[in-house]
Every structure is written in C-alpha cells, then in structure tokens.
Amino acid sequence: MPQRILIVEDEQRLAGIVADYLQAAGFATDCLFEGTAVVSWVRSEQPDLILLDLMLPGRDGMEICRELREFSQVPIIMVTARVEEIDRLLGLELGADDYICKPFSPREVVARVRAVLRRAGGKNVQTHGLILEEATLKATLNGRDLDLTAVEYKLLAFLMAHPGHIYSRDKLMERMYADQRIVNDRTIDSHIKKLRRKINLLEADSEIIRSVYGVGYKFEPEESG
Ligand code: CA
Numbered sequence: 011m012p013q014r015i016l017i018v019e020d021e022q023r024l025a026g027i028v029a030d031y032l033q034a035a036g037f038a039t040d041c042l043f044e045g046t047a048v049v050s051w052v053r054s055e056q057p058d059l060i061l062l063d064l065m066l067p068g069r070d071g072m073e074i075c076r077e078l079r080e081f082s083q084v085p086i087i088m089v090t091a092r093v094e095e096i097d098r099l100l101g102l103e104l105g106a107d108d109y110i111c112k113p114f115s116p117r118e119v120v121a122r123v124r125a126v127l128r129r130a131g132g133k134n135v136q137t138h139g140l141i142l143e144e145a146t147l148k149a150t151l152n153g154r155d156l157d158l159t160a161v162e163y164k165l166l167a168f169l170m171a172h173p174g175h176i177y178s179r180d181k182l183m184e185r186m187y188a189d190q191r192i193v194n195d196r197t198i199d200s201h202i203k204k205l206r207r208k209i210n211l212l213e214a215d216s217e218i219i220r221s222v223y224g225v226g227y228k229f230e231p232e233e234s235g
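Numbering-wise, the sequence shown is residues 11 to 235 according to the numbering used here.
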C-alpha cells in the first residue's frame, strides 16, 4: 500500500504538478482545492501526510491546522508564499511539522515529504552520541565534554527535543528567557555559532544544528536506513 498524501491547494495546476511528482515517487495523492472540506475529509480518509496551503478559499490553512491537531497527529507540511509568513506561523505554534515556501521545486516537496514521514515513523534516528545531563547542564558528544555554557546547553536541549522542527530566532529567544538561569546576552545567533563551533571541535563535519535561511534553526539528526 502506497502512503497517501493529501494536497490542499487552490492553484489547481500547481496541485497537479505536485501530485505528479509525488506519484512518480511512489505515493498515492488526493487533492482538495478549497478549505472547508479538509477537516471532515481527513477524519474519514486518514491520509499519511498533508501538504496544506496557507491561503485558501473557504478556510485558511492556519485554522485548519489547528483544528486537525485537536484530533490527529498526521504530519502536516504548511505551504506559504512568503518567508515572513513562516516566521509568523512558527510563532503561533500550530503544530505543523514543516514549512515550505512558494515558489518551490516539486523535487524539494518530494524530499520534504519523505523526510517528514521518516521522522514521523521515528525510525533509526541517531543523536550522534550526544548525551545531555539536565541536573548538571553538561553535554557530552561521544563521551567527550562539549563544555557548554548554560545558554548553549539550553539551546541544544530545546532544539534536540524537537528534531527537524524549525524555530525562529524570536521563538528561541522566548524559550531561553523563560528560564531564569539564563544570562542576558540576547544574541541567539552568536550562541548558536559558539555551540556549533564546540560541536565541530569534537566532530568536524557535524551539521546537526542547521540554519534555515531567513527563518531560523533546527536540530537535524542524521537518519539511517
Ligand atoms: Ca493559495
């Protein structure tokens, strides 16, 4: 049985192209061209993943995503026309699994769909020998101390707890400052830079903390198999 992808997209030509690529990659696809029918469709058909456009006639993608999350953990990839919107969406914590910005290449969509499905399956996720010790704020990589500051530790722990999820700088900042132990240096980028440098000291080619251009950061464990 192929996995079923629901494409919710009012630009029918675009939906058709994405459907073609996904089918060529071995998925089964269904398309809905407006927002009102999505929730009931998902309830009865239970697709394996949803590509959900933000701007839709009938009902917008945000509202749909929120309602779906009340009863379903189906992986959702939000699709939007603007990078700035992604930032706003991240701030709203809709529970989407990933975001794709238009214009996109259909190949990229296929790759993202595969990555999100793999993650949702929770198979073979390695954490690169990273071990975090909450009590002492100590992190080790393959048995060697990363020697992190409290802020770096918190950033790493937070990103690691949500693998693959992209967080904006603002959202990360908010998380760091909710914690009283954190000092008042407000530059997330510089903390991330130092954190990566420390990881790369022990593992030169590690890219477990990735920047997503114009959006933020995510923890991307390498997946095998
Ligand atoms: Ca649209």
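Positions of the beta carbon are idealized from the N, C-alpha and C atoms, including for glycine.
On the DSSP letters alone, give me the boundaries of the beta strand (DSSP E) that residue i sits inside.
i    : result
I60  : L59 to D63
Y92  : The sequence given here has Arg at residue 92, not Tyr. Counting along the chain, R92 falls outside any beta strand (DSSP E), and DSSP gives it neither H nor E.
E143 : L140 to E143
Does the beta-carbon of residue i, which I'm using as the reference point, lie nearer than 6 angstroms to any heavy atom of ligand 2?
i    : result
M186 : As far as ligands go, the structure on display features ligand 1 and does not contain ligand 2.
Looking at the strands, I want to know which residues DSSP matches up with residue i.
i    : result
G226 : S178 and V222
A106 : Answer is none; A106 lacks a bridge partner.
I202 : None; I202 has no bridge partner.
I15  : T39 and L59
T150 : I141 and D155
I7   : Any question about residue 7 goes unanswered here, given that the chain covers just 11 to 235.
Near residue i, what residues of its chain come up, given a Cβ to Cβ distance below 7 angstroms and the 5 sequence neighbours on each side ignored?
i    : result
D249 : Nothing can be reported for residue 249, as the shown portion of the chain is limited to 11 through 235.
R76  : L104
R129 : P173 and G174
I74  : G45, V48, V49 and L62
V126 : L59, P85, I87, D107 and D108
G26  : none
Considering residue i, what are the terminal residues of the alpha helix (DSSP H) in which it resides?
i    : result
R2   : In this structure the chain extends from 11 to 235, so residue 2 is not present and cannot be described.
V28  : Q22 to A34
L169 : A160 to A171
Using C-beta distances below 8 angstroms, list every residue in its chain close to residue i, excluding the 5 sequence neighbours before and after it, in chain order.
i    : result
E144 : A167
Q22  : C41 and F43
Q190 : Its pLDDT being 47, under 50, Q190 is placed unreliably by the model, and the measurement read from it follows with that caveat. Cβ within range, chain order: n/a, list empty.
D195 : Model confidence at D195 stands at a pLDDT of 49, short of 50, so the residue's coordinates are unreliable and nothing is read from them.
E217 : E230
Can you name, in chain order, every residue of its own chain whose Cβ lies under 6 angstroms from the Cβ of residue i, other than the five neighbours on each side?
i    : result
V193 : Because V193 carries a pLDDT of 47, less than 50, the predicted location of this residue cannot be relied on, and no value is offered for it.
D58  : Q13 and R14
V18  : L42, V48, L62 and D63
I176 : V222, V225, G226 and K228
L100 : S178 and K181
L158 : A149
L212 : L151 and R154
L169 : F229
V28  : I17, P116 and V119
A38  : P12 and R14
A35  : V120
Does ligand 1 have even one heavy atom less than 6 angstroms from the beta-carbon of residue i?
i   : result
M72 : no
M65 : yes
D20 : yes
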